[in-house]
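Only one structure is covered here, and it is reproduced in the block below.
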Amino acid sequence: MAVAMSKAPSASGKRTQMLIDGSWADSASGKEISVESPGNRQIIASIPRGNAEDVDR
-9 MAVAMSKAPS ASGKRTQMLI DGSWADSASG KEISVESPGN RQIIASIPRG
41 NAEDVDR
């Protein structure tokens, strides 16, 4: 049985935010972490890098 695979989105294709107190927000520092596919090491998303300041919001 053949399985069709779609191409992974580019780094600019997926960006997420943190859910803080019911609202979506970037990290207080503005820093992000790149998420790579373990299969091909391609960047598939960027996520906010939270810190203590984000916890206290």
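In terms of this note's numbering, the sequence shown opens at residue -9 and continues consecutively.
Glycine is no exception: its CB is placed at the ideal position from the N, C-alpha and C atoms.
Residue pairing by DSSP places alanine 42 in no beta bridge whatsoever. With contacts defined as CB atoms closer than 8 Å, aspartate 11 and arginine 47 qualify as a contacting pair. Proline 28 is classed as exposed because its beta carbon has fewer than 16 other beta carbons within 10 Å across all chains shown. Beyond the five residues adjoining it in sequence on each side, alanine 42 comes within less than 6 Å, by CB distance, of no other residue in the same chain.
The beta-bridge partner set that DSSP reports for alanine 15 consists of Met8.
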